[in-house]
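Peer 1:
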Amino acid sequence: MSDSNPSIADRIVSIREELPPEVTLVAVSKTKPNASIQDAMEADQLDFGENRVQELQEKEAALPKSIRWHQIGHLQTNKVKAIVPFVHLIHAVDSERLLVEIDRRAKNHGRTVDALLQVHIAQEDMKFGWQAPDLTRFIEGNALAGLEHVRIRGLMGMATFTPDHQQVAREFKGLRLLYESLLDSNPSWDTLSMGMSGDWRIAIDEGSTMIRVGSSIFGGR
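Residue 189 in my numbering sits at position 187 of the sequence shown, and the numbers go up by one each step.
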């Protein structure tokens, strides 16, 4: 295929060439057909992100079991049971209630589910997530100690959708500083998920270890 119209696999390879080795690329495949995911797998891409539980279930059932499925969208507690048997990482845990439900459902399936705590860093009301002071109090209050079947791996945040790159960088930096401030009491954390198609390069500069890229790989929705 010509360079002017690169394949999905070509786009993945191109993005990976810019990534530090410690950064994981999650290909956001929401609304995309299974064939596109299979095209991405030709570039050895195994981490895929979905935000609708029903779509995630359908794709997990139809596609190879080697795929690591990431639930990246807002997750309602009544949908947890549908993905707990197979999900690799839940990115958007935004409440204690959701954490408790993940723990309960994971226990029923005899597994431990990895998750990220979502922090509200954007200057937009529609984004979900903990406020930083509330999250700090929650963590320092040892609230995670009783959760034996959910394992927190780190934090996730989404920056404001704005052409102001300095604002985006400030928001990502704030999340990184929060992450670093919590590492002493959570030494097993290893994931700072921030950065999407429009801002992942800024996120990498600010210390992201996981980016979620959709349109730059699969094209527009």
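Every residue, glycine too, gets a C-beta built ideally from N, C-alpha and C.
In this text, all values refer to a predicted model and were calculated from it rather than measured experimentally.
1. If you pair each beta-carbon of the segment 33–49 with each one of the segment 118–125, do three or more pairs fall below 8 Å?
2. According to the Cβ coordinates, are R113 and K83 closer than 8 Å?
3. Counting along the chain, where does the alpha helix (DSSP H) carrying D202 start and finish?
4. Once you ignore the five residues that flank S190 on each side, which residues in its own chain have a CB closer than 7 Å to its CB?
5. Quick check on this structure: which residue in P66, T33, A37 has the alpha carbon closest to the alpha carbon of G51?
6. By a C-beta neighbour count over all protein chains shown, 10 Å radius and 16 as the cutoff for buried, is K61 buried or exposed?
7. Excluding sequence positions up to five away, which residues of its chain have a Cβ less than 8 Å from the Cβ of T79?
8. Along the chain, where does the beta strand (DSSP E) that runs through I92 open and close?
9. Classify H111 as helix, strand or coil using the three-state DSSP reduction.
10. If you drop the 5 nearest sequence neighbours on each side, which residues of the same chain put their C-beta closer than 7 Å to that of S4?
11. Please confirm if the segment 182–198 is in contact with the segment 6–15, defined as three or more CB-CB distances below 8 Å between the two stretches.
12. Under the assumption that I154 contacts A205 (Cβ atoms under 8 Å), give the Cβ distance between them as a whole number of angstroms.
13. Would you call the CB atoms of L27 and I141 closer than 8 Å?
14. Run through DSSP, which three-state label would E173 get?
15. So, is S217 buried or exposed, given that buried needs 16 or more other C-beta atoms within 10 angstroms?
16. State the CB to CB distance for the pair N227 and I74, rounded to an integer number of angstroms; the pair is presumed to be in contact (CB under 8 Å).
17. Any idea which residues DSSP pairs I154 with across the strands?
Peer 2: This is what the structure gives:
1. no
2. Here residue 113 refers to the residue found at position 111 of the sequence shown. Here residue 83 refers to the residue found at position 81 of the sequence shown. Contact flag unset, no.
3. By 1-based counting over the sequence shown, the position of residue 202 is 200. Note that residue 202 corresponds to Trp in the displayed sequence, not to Asp. From DSSP, the alpha helix (DSSP H) with W202 extends over 202–207.
4. If you number the sequence shown from 1, residue 190 lands on position 188. Nothing meets the Cβ criterion.
5. Within the sequence shown, residue 51 is the residue found at index 49, counting from 1. Closest option to G51, Cα to Cα, is T33.
6. Here residue 61 corresponds to residue number 59 of the sequence shown, with the count starting at 1. With 16 or more other Cβ atoms within 10 Å, it is buried.
7. Here residue 79 is taken as the residue at index 77 of the sequence shown, counted from 1. Result list for T79: R99, L100, E103, in chain order.
8. One-based indexing of the sequence shown puts residue 92 at position 90. Start and end: 91–95.
9. Here residue 111 corresponds to residue number 109 of the sequence shown, with the count starting at 1. Looking at H111 - three-state DSSP - the assignment turns out to be coil, as it is neither helix nor strand.
10. Residue mapping note: residue 4 aligns to position 2 of the sequence shown, counting from 1. Reliability of the predicted coordinates at S4 is poor, the pLDDT of 43 falling under 50, and no value is obtained from them.
11. no
12. Numbered from its first residue, the sequence shown carries residue 154 at position 152. Numbered from its first residue, the sequence shown carries residue 205 at position 203. Incorrect: roughly 20 Å between the Cβ atoms, too far for contact.
13. By 1-based counting over the sequence shown, the position of residue 27 is 25. By 1-based counting over the sequence shown, the position of residue 141 is 139. No, Cβ-Cβ distance for L27 and I141 is not below 8 Å.
14. Here residue 173 corresponds to residue number 171 of the sequence shown, with the count starting at 1. Note: E173 maps to helix in three-state DSSP.
15. By 1-based counting over the sequence shown, the position of residue 217 is 215. Exposed.
16. Outside the modelled stretch of the chain, which goes from 3 to 223, sits residue 227, for which no answer is possible.
17. As a first step, residue 154 must be located in the sequence shown, where it is residue number 152. For I154, which the question treats as bridged, DSSP gives the partners A117.
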